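FYI, the UniProt record's numbering numbers position 185 of the sequence shown as 185, with every residue one higher than the one before it. Reading through the structure tokens given below for one structure.
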Amino acid sequence: MIEVERLTKRYGPATAVEDVSFACRPGTVTGFLGPNGAGKSTTMRMICGLTPASSGTATVLGVPFRSLPNPGRHVGVLLDASAQHAGRTGRETLALTAQLLGVPSARADQMLETVGLAGKAAGRRVGNYSLGMRQRLGIAQALVGDPSVLILDEPANGLDPEGIYWMRTLLRGFADRGGTVLLSSHLLHEVEAVADTLVVIAGGRVVANGTKSELLAPS
Ligand code: ADP
Ligand code: ADP
């Protein structure tokens with residue numbers, strides 16, 4: 001469960017996010033849709049306690065993100081795959097995440113399989129990965145703690161069509177097992193096939209919020 005209540009972020013005179021409210025429920029994928037610069041990343045960073053809100057509140061599993069004990073065991077986060085350490089291999093990166101989270105390394109190996117990076121790819125340095133491979137690794141990092149909530153910022157960036165289909169299947173399965181997913185994209189087609197609910201943001205404000213059938217059904 002994620003609950004966002006009137007979140008606002010100002011940078012000096014500029015307002016990046018204004019009065020944004022929505023909820024993400026267990027068993028559902030919420031697509032967070034909006035053009036570049038709309039305020040998606042800022043909202044997600046505020047949810048994760050990485051950017052302080054100017055006003056408003058966000059809770060994950062009922063408490064502010066930073067109040068969660070060992071948050072990575074409850075919430076998997078992918079905010080910026082390009083922040084991964086370029087000098088480490090994929091396997092080292094994921095093993096480190098597992099270690100930080102107190103998860104057995106066997107789980108890290110299993111996640112490499114899940115995201116399609118087992119074998120040769122796991123031994124390559126992340127600096128030599130394509131963006132799509134970084135996204136896959138980021139999804140593995142987000143999943144390795146066996147969370148019940150996923151917060152993924154533009155995870156489809158750099159994925160090829162096969163990768164987008166793969167991710168969609170993975171996220172659908174995660175939600176169908178009771179997980180909560182918040183998934184951002186600037187492209188409708190990336191979220192509409194997997195999302196149950198859409199929150200559309202433009203210019204820092206929510207301009208539409210409803211189930212996919214409510215928002216996309218022909219009138
Ligand atoms: P999105 O993720 O939808 O592309 P962002 O949340 O990254 O949008 O950005 C929303 C707005 O906030 C943009 O106008 C962006 O330029 C601005 N912004 C984001 N981060 C900062 C920052 N650190 N300082 C000033 N402005 C920022
Ligand atoms: P470094 O910055 O030296 O690479 P960090 O201690 O920041 O090491 O974390 C290692 C990696 O683990 C980072 O790429 C970080 O994004 C990732 N990570 C840590 N906790 C989580 C989490 N809960 N969900 C997803 N990735 C995580």
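Every residue, glycine too, gets a C-beta built ideally from N, C-alpha and C. These numbers come from a predicted model, not from an experiment.
### Task
Can you give me the Cβ contacts of L68 inside the same chain, cut-off strictly under 8 Å, excluding the 5 residues immediately before and after it?
On the sequence shown, residue 68 is found 68 positions in, with the first residue counted as 1. Excluding positions up to five away in sequence, the list reads V60, L61, H74, V75.
### Task
From the DSSP output, read off the bridge partner residues of K9.
For the purposes of this step, residue 9 is taken as the residue at position 9 of the sequence shown. According to DSSP, which records beta bridges pairwise, K9 is partnered with V17.
### Message
Determine whether the beta carbon atoms of A16 and G138 lie at a separation below 8 Å.
### Response
As a working mapping, residue 16 is identified with position 16 in the sequence shown. As a working mapping, residue 138 is identified with position 138 in the sequence shown. No, the Cβ-Cβ distance between A16 and G138 is not below 8 Å.
### Task
Mark A83 as exposed unless 16 or more other C-beta atoms lie within 10 angstroms of its C-beta, in which case mark it buried.
On the sequence shown, position 83 is the one that residue 83 refers to. Under this definition A83 is an exposed residue.
### Message
Could you tell me the alpha carbon to alpha carbon distance between V93 and M167, rounded to whole angstroms?
### Response
Numbered from 1 along the sequence shown, position 93 holds the residue referred to as residue 93. Numbered from 1 along the sequence shown, position 167 holds the residue referred to as residue 167. A quick correction: the sequence has Thr, not Val, at residue 93. So the two alpha carbons sit approximately 20 Å from each other.
### Task
Compute the Euclidean distance between the alpha carbons of A117 and G123, then round it to the nearest angstrom.
Locating residue 117 in the sequence shown gives position 117, counting from the first residue. Locating residue 123 in the sequence shown gives position 123, counting from the first residue. The sequence shown places Leu at residue 117, not Ala. Approximately 9 Å, taken between the alpha carbons.
### Message
From the DSSP secondary-structure annotation, give me the bridge partner or partners of S55.
### Response
For this step, residue 55 is matched to residue 55 along the sequence shown. Paired residues: T8.
### Closest by C-alpha distance to T211, when choosing among V29, V103, E5, Y11
One-based indexing of the sequence shown puts residue 211 at position 211. Out of V29, V103, E5, Y11, V29 has the C-alpha closest to the C-alpha of T211.
### Query
Going by other Cβ atoms of all chains shown within 10 Å of its Cβ, with 16 needed for buried, is P218 buried or exposed?
On the sequence shown, residue 218 is found 218 positions in, with the first residue counted as 1. Taking every protein chain shown into account, the CB of P218 has fewer than 16 other CB atoms within 10 angstroms, so this residue is exposed.
### Task
Flag this pair as yes or no: are the beta carbons of G158 and S130 separated by less than 8 Å?
Walking along the sequence shown from the start, residue 158 turns up at place 158. Walking along the sequence shown from the start, residue 130 turns up at place 130. Yes; because the gap between Cβ atoms is below 8 Å, this pair is in contact.
### Message
Does the beta-carbon of A53, which I'm using as the reference point, lie nearer than 7 Å to any heavy atom of ligand 1?
### Response
The residue you call residue 53 lines up with position 53 of the sequence shown. Every heavy atom of ligand 1 is 7 Å or more from the Cβ of A53, so no.
### Task
Grab me the residues of P35's own chain with a C-beta within less than 8 Å of its C-beta, minus the 5 sequence neighbours each way, in chain order.
Taking the first residue of the sequence shown as 1, we reach residue 35 at position 35. Contacts found: H186, A202.
### Task
Can you tell me the Cβ-Cβ gap for L182 and I151, rounded? I've got them flagged as a contact below 8 Å.
Translated into the one-based positions of the sequence shown, residue 182 becomes position 182. Translated into the one-based positions of the sequence shown, residue 151 becomes position 151. With a Cβ gap of about 5 Å, L182 and I151 count as contacting.
### Message
Please return the same chain residues whose Cβ sits closer than 6 Å to the Cβ of residue 264, not counting the five positions on each side in sequence.
### Response
The requested residue 264 is not part of the displayed model; the chain covers only 1 to 219.
#### Entry: Near ligand 1: residue 220 beta-carbon under 7 Å from a heavy atom
This structure cannot settle anything about residue 220, because the visible part of the chain is limited to 1 through 219.
### Rounded separation between R6 and S54 - CA only
If you number the sequence shown from 1, residue 6 lands on position 6. If you number the sequence shown from 1, residue 54 lands on position 54. Between the C-alpha atoms of R6 and S54 there is a straight-line separation of about 10 Å.
### Task
Label M44 either buried or exposed according to how many other C-beta atoms from any shown protein chain fall within 10 Å of its C-beta, with 16 as the threshold for buried.
Counting from 1 along the sequence shown, the entry for residue 44 is found at position 44. That one is buried.
### Query
In three-state DSSP terms, what is A208?
If you number the sequence shown from 1, residue 208 lands on position 208. DSSP places A208 in strand when its eight states are reduced to three.
### Task
Please find out if some non-hydrogen atom of ligand 1 comes closer than 7 Å to the beta-carbon of N128.
Locating residue 128 in the sequence shown gives position 128, counting from the first residue. No, Cβ of N128 sits at least 7 Å from all heavy atoms of ligand 1.
### Message
Let me confirm a value: G12 is counted as buried when at least 16 other C-beta atoms fall within 10 Å, else exposed. Which label applies?
### Response
Position 12 of the sequence shown, counting from 1, holds the residue named residue 12. The residue in question, G12, is exposed, as its Cβ has fewer than 16 Cβ neighbours within 10 Å.
### Query
Buried or exposed: which applies to D153, given that a residue is buried once 16 or more other Cβ atoms fall within 10 Å of its Cβ?
Within the sequence shown, the letter at position 153 stands for residue 153. D153 should be labelled buried.
### Query
Between A140 and V77, what straight-line distance do the alpha-carbon atoms span, to the nearest angstrom?
Stepping through the sequence shown from its first residue, residue 140 is reached at position 140. Stepping through the sequence shown from its first residue, residue 77 is reached at position 77. When rounded, the distance between both Cα atoms is 10 Å.
### Message
For a test of your reading of the model: does the CB of G34 fall under 7 Å from any non-hydrogen atom of ligand 1? Yes or no.
### Response
Counted from its first residue, the sequence shown places residue 34 at position 34. The answer is yes for G34.
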